[in-house]
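Protein sequence lines, in the order shown, are assigned to chains A and B. Just so we're aligned: the first sequence equals residues -9 to 100 in my numbering. Just so we're aligned: the second sequence equals residues 1203 to 1313 in my numbering. Heads up, the beta-carbon is just placed ideally off N, CA and C, and yes, glycines get one too.
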Amino acid sequence: NAGVTQTPKFQVLKTGQSMTLQCAQDMNHNSMYWYRQDPGMGLRLIYYSASEGTTDKGEVPNGYNVSRLNKREFSLRLESAAPSQTSVYFCASSHTGELFFGEGSRLTVL
Amino acid sequence: GQSLEQPSEVTAVEGAIVQINCTYQTSGFYGLSWYQQHDGGAPTFLSYNALDGLEETGRFSSFLSRSDSYGYLLLQELQMKDSASYFCAVREPTGANNLFFGTGTRLTVIP
């Protein structure tokens, strides 16, 4: 049972570069989420998708875009990376309220 | 808006009991959840309280008082592997089960 799979696990970018974080879940969940985690800040919601075909902004959406490609996949794109986007990114999915998280993607922007 | 307050750090002795408190202010309340996260790992679900009272799952229990906007996580018979960060979270009223997380309590279990 893979659960929630994120790629890449680690990435180093230069300021201004773009990249996409991929996320896939095999639990047939309707809802998917992207959170970022910074030291002392807990987990903050970037974007979420309540169901296939819909996406909505969370608490900290600036500088990011998302795509709910199908029910399984939810990607997060940084169009022009900034040092403030250095963080650990977690994808999660949910059906009944309990969130299942991927292992995280550690992104460093120089 | 939402706000959650929990202690930043707690230290307890192996075999003891520890309580991690969480107070919240929310626009609408849909339940309080607890998640555990080991260093370098992903958050994992521990418990959920929608109604007042105590929920028990093995060595872990969670309590909620909606009238006091307060909950706690109780860990009994502490083990070294319980050293981790613990987050309380409230469900946001979006219909998508979004969670708003507290900043976490780092629990250190000492021998």
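*asked:* Could you check whether A/Val50 and A/Arg34 sit closer than 7 Å to each other, using their CB atoms as the reference points?
replied: yes
*B/Asn1300 - containing beta strand (DSSP E), residue span*: Taken as a continuous stretch (DSSP letters only), B/Asn1300 belongs to no beta strand (DSSP E), as it is neither H nor E.
_Buried or exposed for B/Glu1258, going by 16 or more other Cβ atoms inside 10 Å?_
exposed
_I'd like to know if B/Gly1260 contacts chain A, where contact means its C-beta is closer than 7 Å to some C-beta of that chain._
no
_Please tell me whether A/Phe64 and A/Ser39 are closer than 7 Å, where the distance is taken between their beta carbons._
yes
*Touch check for the segment 1237 to 1246 of chain B and the segment 1211 to 1225 of chain B: three-plus C-beta pairs under 8 Å?*
no
*Would you report the Cα separation of B/Glu1294 and B/Leu1301, rounded to the nearest angstrom?*
6 Å
*Could you check if A/Val2 is buried or exposed, using at least 16 other CB atoms within 10 Å of its CB as the buried criterion?*
Exposed.
*Give, in chain order, every unbroken run of the beta strand (DSSP E) that is at least 3 residues long and sits entirely within the segment 25 to 54 of chain A.*
32 to 39
*Nearest candidate by alpha-carbon position, reference A/Tyr24, set A/Gln15, A/Ile36 and A/Asp16*: First, the amino acid is wrong: residue 24 of chain A is Trp here, not Tyr. Here the closest residue by C-alpha is A/Ile36.
*Span of the beta strand (DSSP E) holding A/Gln1?*
Phe0 to Leu3
*asked:* Looking only at its chain, what residues have a beta carbon closer than 8 Å to the beta carbon of B/Ile1312, apart from the 5 residues adjacent to it on each side?
replied: Thr1213, Ala1214, Val1215 and Glu1216
*asked:* What does the Cβ neighbour count give for A/Asn52, buried or exposed, with the cut at 16 atoms within 10 Å?
replied: exposed
*Residue nearest to B/Thr1228 in terms of C-alpha spacing, selected from B/Asp1284, B/Gln1204, B/Pro1209 and B/Gly1242*: The closest CA to that of B/Thr1228, considering only B/Asp1284, B/Gln1204, B/Pro1209 and B/Gly1242, is found on B/Gln1204.
*Of the residues that make up the segment 31 to 45 of chain A, which ones have a beta carbon closer than 9 Å to any beta carbon in chain B?*
Met31, Gly32, Leu33, Arg34, Leu35, Tyr38, Ser39, Ala40, Ser41 and Thr44
*Indicate whether the contact test is met: 3 or more Cβ pairs, each with one atom in the segment 1264 to 1282 of chain B and one in the segment 1245 to 1256 of chain B, closer than 8 Å.*
Cβ pair count under 8 Å is three or more, so yes.
_Would you say B/Asn1299 lies against chain A (beta-carbon separation less than 7 Å)?_
Chain A has a Cβ within less than 7 Å of the Cβ of B/Asn1299.
*For B/Gln1281, name the three-state secondary structure that DSSP assigns.*
If DSSP states are grouped into helix, strand and coil, B/Gln1281 belongs with coil.
_Is it buried or exposed, A/Met22, if we count other Cβ atoms within 10 angstroms and call 16 or more buried?_
Per the 10 Å Cβ criterion, buried.
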